[in-house]
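**Q** According to the working numbering, the residues represented by the sequence shown are 2 to 101, in order.
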Amino acid sequence: MTEETANWNPAASAPASRPEQEAASDVAGMTFEQALGELERIVQELERGQLDLDAAIRAYERGSQLKAHCTAKLREAQLRVERISLASDGKAQAEPVDLD
Numbered sequence: 002m003t004e005e006t007a008n009w010n011p012a013a014s015a016p017a018s019r020p021e022q023e024a025a026s027d028v029a030g031m032t033f034e035q036a037l038g039e040l041e042r043i044v045q046e047l048e049r050g051q052l053d054l055d056a057a058i059r060a061y062e063r064g065s066q067l068k069a070h071c072t073a074k075l076r077e078a079q080l081r082v083e084r085i086s087l088a089s090d091g092k093a094q095a096e097p098v099d100l101d
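1) Is it buried or exposed for ILE85, if we count other Cβ within 10 angstroms and need 16 for buried?
2) Can the beta-carbon of GLU46 be found less than 8 Å from the beta-carbon of ALA60?
3) May I have the straight-line CA-CA distance separating ALA15 from ASP90, to the nearest angstrom?
4) DSSP state of ASP90, grouped into three classes?
5) What is the rounded straight-line gap between the Cα of HIS149 and the Cα of PHE33?
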């Protein structure tokens, strides 16, 4: 866990006045590891059940954005290492991509 995720505060990270676009932009600039670390922290906070309702909702919304970002990053990585092609029998198959 990074220092950034260790200090995450659901009430401070996404105040009600913060525009949703800003939050999405913030997530878009994260690496997979940063997003996953923050997502893990949010899950722990929600599992503890010690957040008030508004903070829990904000944390859940932030977690949803982070999950979508992580999913997209994983998909990008997968596409970089495989390429779909058609075999001689017409069936689709994945082939490694030459990254050079």
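Even glycine gets a Cβ: it sits at the ideal position worked out from N, Cα and C.
**A** With the given structure in hand:
1) Residue mapping note: residue 85 aligns to position 84 of the sequence shown, counting from 1. ILE85 is exposed by the Cβ-count criterion.
2) For the purposes of this step, residue 46 is taken as residue 45 along the sequence shown, with counting starting at 1. For the purposes of this step, residue 60 is taken as residue 59 along the sequence shown, with counting starting at 1. It is a contact, given that the beta carbons lie within the stated cut-off.
3) Residue mapping note: residue 15 aligns to position 14 of the sequence shown, counting from 1. Residue mapping note: residue 90 aligns to position 89 of the sequence shown, counting from 1. Caution is warranted here: a pLDDT of 46 is assigned to ALA15, below 50, making its placement in the model unreliable, and the coordinate value is therefore given only provisionally. A straight-line Cα-Cα distance of about 52 Å links ALA15 and ASP90.
4) Within the sequence shown, numbered from 1, the residue matching residue 90 stands at position 89. In the three-state reduction of the DSSP assignment, ASP90 falls in the coil class.
5) Lying outside 2 to 101, the shown extent of the chain, residue 149 is not represented and no answer is given.
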